[in-house]
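>
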DNA sequence: AAAAATTATGCAAACGTATGCGCAAACGAA
DNA sequence: TTCGTTTGCGCATACGTTTGCATAATTTTT
């Protein structure tokens, strides 16, 4: 009334029946007569009644809210995942609270705390690159909050996971370079502390083994940003290291490498073929267009949400659920930076 | 207990005192004796008590949640705004629910509905480009939900606004081109239905007036995407329209234009100088690097949140608040695409 | 010593909804 | 008529918290 919010009680008073009856009528409960139902429904419409979901959450001990922790919302891959998540979540009547760890361990801890105290029904998260300790996640298991890792996962707690087949993606990329005739490939890698970085590096190495191609002595260079890719490439060139292919752990690094190569007068892809990882939209914009490995971010979000919904449905039926691990395949998107003219 | 969640009642039972006393003790109420407070605080810590914010929301009729509606989370400008918003909001104990209209009117209506029924304490929104009818916003005024528009606003409801000085930004861009010697400038514009697009166009025109420079007959071209910028530029070139400068309503369009120019063998900036709007990170990546107008997205989010906090503080004191309009200045970031060698 | 004031606590109601249970009325069957 | 069933509804309680008010115990004032 005062807050302009119509409640079940208001309807009950108006109709001179009890709130319980109104509640049941609105849910089409069989105990209620058709006339009463009709009267209630009509008045509810007329008064523009909307259930108070806070009261509902309290009563049902379920908030219909899911929490998300991602490193950075401005990263295209993550915002794409979120779009996929929201796509399913909203359709199922869930709200989504998004938090960002900003790749900081401490902020990740804060985010977990915030979302736990917001009583989220489930938590979707991608670990920050700084995170190596997982104590802060134990609370999630203790409170029976289902956790679904996105892309960057750990085994410290009971959880489901939706991952990218990074090893396979890295092999795709590397084999592509090999097929284009590259014999001396450099891999710009991210720190081994990140599982996904390790997988990509291993895929790079395994592709060499598969094709009986020896790896360069300096094959692995730890650089994972545009600047680092640029500087490292300049250094390699200055040191006269010979290479004819670059596979970077992400697109930014690849772009940095391309910049250095172009400045040094190297032709891309003729002298050095380059491929990145992630298929950021910027791949289409740089020149030459950057080949990359496409990760299905939107689908990842959708699938994660579906896994959650499935588990929730079981919990609602008081049944146990199994955690799931879904691994999504990547696809290669060859562009000008790596595709050489047929001879 | 069963849900693993410790409540005030659990503490009360344990200590053989009433829930009210526990509640007061936890809030350091003066009525409660030091000993009782100490006992309660200690046990609360020990049992890892955390207040149930759902119950609190219900009781206080305040959710400590703010809602956000933006066109697309994957747009860098918007995700930057969100980071700024969250920065303040979390510090003040608010949660943030983010929704995306995807530039669709219908989805915007849905988002409003969702957030209203989530009982958000405030709503931050940037209108979708499709939105021309504002009926769906009336409910916000009716329910006394403070609204703060971000960047894309309307006057249909009582609301605060944090805007970019688009007119000024467009003038900055255009004057820059004029100073670099451009005499025949094309402006790629977005539809006039969007206020910000109109402002930018007007700024473009006013800069000409200010510098006594006549505008081209075909000065205004309605193109606002990479593809459209590309195609329109090709068309202009094919039609032999003479121009030596391009100011695009956004960076994507500018990049499309640059692509067409380069393909046609035009030198940038010597033959045609180009500048965009928004200062998207890709400006640094394209070649030549694209000059642009930088919009303070992070600050925008922060300021919007601060405006809200200020208003909320007043409402809490049962006072009226004034709506505010903040207009943020842009800055020009000149880069290779427009800066010509000094003669 | 009685009255008044202070201190510390508990009771009960409220926020808005859902639901087990009881109960009255109406109905059908015997 | 009497009993058992069905139908339709309301009472009471719960979810976890806050808070106005009453109350008991203690201290201070007169």
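Chains as they are written, first to last, in our numbering: chain A, 1 to 343; chain B, 1001 to 1343. Positions of the beta carbon are idealized from the N, C-alpha and C atoms, including for glycine.
#1: Is the Cβ-Cβ distance between residue 1191 of chain B and residue 1101 of chain B less than 9 Å?
#2: Would you say residue 1090 of chain B lies against chain A (beta-carbon separation less than 9 Å)?
#3: Taking 8 Å as the cut-off, does the stretch 1065 to 1077 of chain B touch the stretch 80 to 92 of chain A (at least 3 CB pairs, one atom from each stretch)?
#4: I want to verify the contact list: residues of chain B whose CB lies under 7 Å from the CB of residue 419 of chain A, in sequence order.
#5: Would the C-beta of residue 297 of chain A count as close to the ligand GDP, meaning under 8 Å from any of its heavy atoms?
#6: Would you check if there are 3 or more beta carbon pairs closer than 8 Å linking the stretch 174 to 189 of chain A to the stretch 149 to 158 of chain A?
#7: Rounding to the nearest angstrom, what Cα-Cα distance links residue 40 of chain A and residue 1103 of chain B in this structure?
#8: Taking all protein chains shown into account, decide if residue 1330 of chain B is buried (16 or more other Cβ within 10 angstroms of its Cβ) or exposed.
#9: Per DSSP, what kind of secondary structure is residue 971 of chain B in: helix, strand or coil?
#10: Along the stretch 1078 to 1106 of chain B, what residues have a CB closer than 8 Å to any CB found in chain A?
#11: Quick one: grab the DSSP three-state call for residue 1140 of chain B.
#12: For residue 67 of chain A, which option in A:234, A:165, A:49 and A:145 has the closest C-alpha, if you only look at C-alpha atoms?
#13: Quick check: what's the CA-CA separation for residue 1002 of chain B versus residue 1162 of chain B?
#14: Suppose only complete runs of 4+ residues qualify. What are the alpha helix (DSSP H) ranges in the stretch 129 to 201 of chain A, listed by chain order?
#15: Residues in the stretch 111 to 145 of chain A with C-beta within 8 Å of chain B's C-beta atoms, listed in sequence order?
#16: For my contact list, residue 241 of chain A and residue 218 of chain A are in at a C-beta cut-off of 8 Å; report their separation, rounded to the angstrom.
#17: Is the beta carbon of residue 57 of chain A sitting closer than 9 Å to the one on residue 119 of chain A?
#18: Counting only C-beta atoms, is residue 1285 of chain B closer than 9 Å to chain A at any point?
#19: Beta-carbon of residue 1005 of chain B versus every beta-carbon of chain A: anything under 9 Å?
#20: How about residue 1340 of chain B and residue 1181 of chain B: are their beta carbons less than 9 Å apart?
#21: State buried or exposed for residue 133 of chain A, treating a residue as buried only when at least 16 other CB atoms are found within 10 Å of its CB.
#22: Is the stretch 313 to 331 of chain A touching the stretch 249 to 260 of chain A in the sense that three or more CB pairs, one from each, lie closer than 8 Å?
#23: Can you tell me the Cα-Cα spacing of residue 236 of chain A and residue 220 of chain A, whole angstroms?
#24: Run through chain A and tell me which residues come within less than 7 Å of residue 1176 of chain B, C-beta to C-beta.
#25: Going by the beta-carbon positions, is the gap between residue 1274 of chain B and residue 97 of chain A smaller than 9 Å?
#26: Looking at the secondary structure, which residues open and close the beta strand (DSSP E) in which residue 95 of chain A lies?
#27: Tell me whether the beta-carbon of residue 1285 of chain B lies closer than 9 Å to the beta-carbon of residue 286 of chain A.
#28: Looking at C-alpha atoms only, which residue of B:1244, B:1311 and B:1115 is the closest neighbour of residue 1337 of chain B?
#29: Can you list the residues of chain B that residue 109 of chain A reaches, using a CB-CB cut of under 7 Å?
#30: Are residue 1137 of chain B and residue 1304 of chain B closer than 9 Å when you measure CB to CB?
#31: Using a beta-carbon distance cut-off of less than 7 Å, what residues from the stretch 22 to 51 of chain A approach chain B?
#32: Where does residue 1265 of chain B fall in DSSP's three states?
#33: Output needed in chain order: residues of the stretch 253 to 265 of chain A with a Cβ under 9 Å from some Cβ in chain B.
#34: Please specify which runs of the beta strand (DSSP E), each continuous and at least 3 residues long, are wholly inside the stretch 41 to 111 of chain A, giving them in chain order.
#35: Identify every residue that forms a DSSP beta bridge with residue 1247 of chain B.
#36: Evaluate residue 1200 of chain B with the Cβ neighbour count: other Cβ atoms within 10 Å of its Cβ, from every protein chain shown; 16 or more gives buried, anything less gives exposed.
If we stick to the structure as given:
#1: No. Outside cutoff.
#2: Yes, because at least one Cβ of chain A sits closer than 9 Å to the Cβ of residue 1090 of chain B.
#3: By the Cβ criterion, the stretch 80 to 92 of chain A is in contact with the stretch 1065 to 1077 of chain B, since at least three pairs of Cβ atoms, one from each stretch, lie closer than 8 Å.
#4: This structure does not reach residue 419 of chain A, given that chain A is present from 1 up to 343, and the question cannot be answered.
#5: The ligand GDP is not part of the structure shown, which contains no ligands of any sort.
#6: No: the two stretches stay apart, fewer than three of their Cβ pairs being nearer than 8 Å.
#7: For residue 40 of chain A and residue 1103 of chain B, the distance between alpha carbons rounds to 37 Å.
#8: Counting Cβ neighbours within 10 Å, residue 1330 of chain B comes out buried, since at least 16 surround it.
#9: Here chain B comprises residues numbered 1001 to 1343, so residue 971 of chain B is not present and cannot be evaluated.
#10: Listed by position, the residues of the stretch 1078 to 1106 of chain B near chain A (Cβ gap below 8 Å) are 1079, 1080, 1082, 1083, 1086, 1090, 1095, 1096, 1097, 1098, 1099 and 1100.
#11: In the three-state reduction of the DSSP assignment, residue 1140 of chain B falls in the helix class.
#12: Looking at the Cα atoms, A:145 is the closest of the given residues.
#13: In this predicted model, residue 1002 of chain B has a pLDDT of only 40, less than 50, meaning its place in the structure is not dependable; the value taken from the coordinates is given anyway. A direct Cα-to-Cα measurement between residue 1002 of chain B and residue 1162 of chain B gives close to 47 Å.
#14: Taken in chain order, the unbroken stretches of alpha helix (DSSP H) that lie wholly in the stretch 129 to 201 of chain A and span 4 residues or more are 138 to 142 and 166 to 179.
#15: Residues 114, 116, 117, 118, 119, 142, 143 and 144.
#16: About 6 Å; that satisfies the 8 Å criterion.
#17: Contact flag set, yes.
#18: Interface annotation, residue 1285 of chain B: in contact with chain A, CB-CB separation under 9 Å.
#19: Yes, residue 1005 of chain B counts as interfacial toward chain A.
#20: Going by C-beta atoms, residue 1340 of chain B is nearer than 9 Å to residue 1181 of chain B.
#21: The residue in question, residue 133 of chain A, is exposed, as its Cβ has fewer than 16 Cβ neighbours within 10 Å.
#22: No, the stretch 249 to 260 of chain A is not in contact with the stretch 313 to 331 of chain A.
#23: Each residue's Cα considered, the two are about 12 Å apart.
#24: Within chain A, no residue comes near residue 1176 of chain B; the closest Cβ sits about 23 Å away, beyond 7 Å.
#25: Between residue 1274 of chain B and residue 97 of chain A, the C-beta spacing is not below 9 Å.
#26: Run containing residue 95 of chain A: 95 to 100, per the beta strand (DSSP E) assignment.
#27: Inclusion of residue 1285 of chain B and residue 286 of chain A in the CB contact set at 9 Å is warranted, their separation being smaller than that value.
#28: Distance from the Cα of residue 1337 of chain B is smallest, within the candidate group B:1244, B:1311 and B:1115, for B:1244.
#29: Residues of chain B with a Cβ closer than 7 Å to the Cβ of residue 109 of chain A do not exist, since the nearest Cβ in that chain sits about 13 Å away.
#30: The Cβ atoms of residue 1137 of chain B and residue 1304 of chain B do not sit closer than 9 Å to each other.
#31: Residues 50.
#32: Shown here, residue 1265 of chain B sits in coil according to DSSP, grouped into three states, outside any helix or strand.
#33: Taking 9 Å as the Cβ-Cβ cut-off, the stretch 253 to 265 of chain A approaches chain B at 255, 259 and 262, given in chain order.
#34: With a minimum length of 3 residues, the unbroken runs of beta strand (DSSP E) contained wholly in the stretch 41 to 111 of chain A fall at 65 to 70 and 95 to 100.
#35: DSSP lists B:1187 and B:1275 as the beta-bridge partner residues of residue 1247 of chain B.
#36: Burial call: buried.
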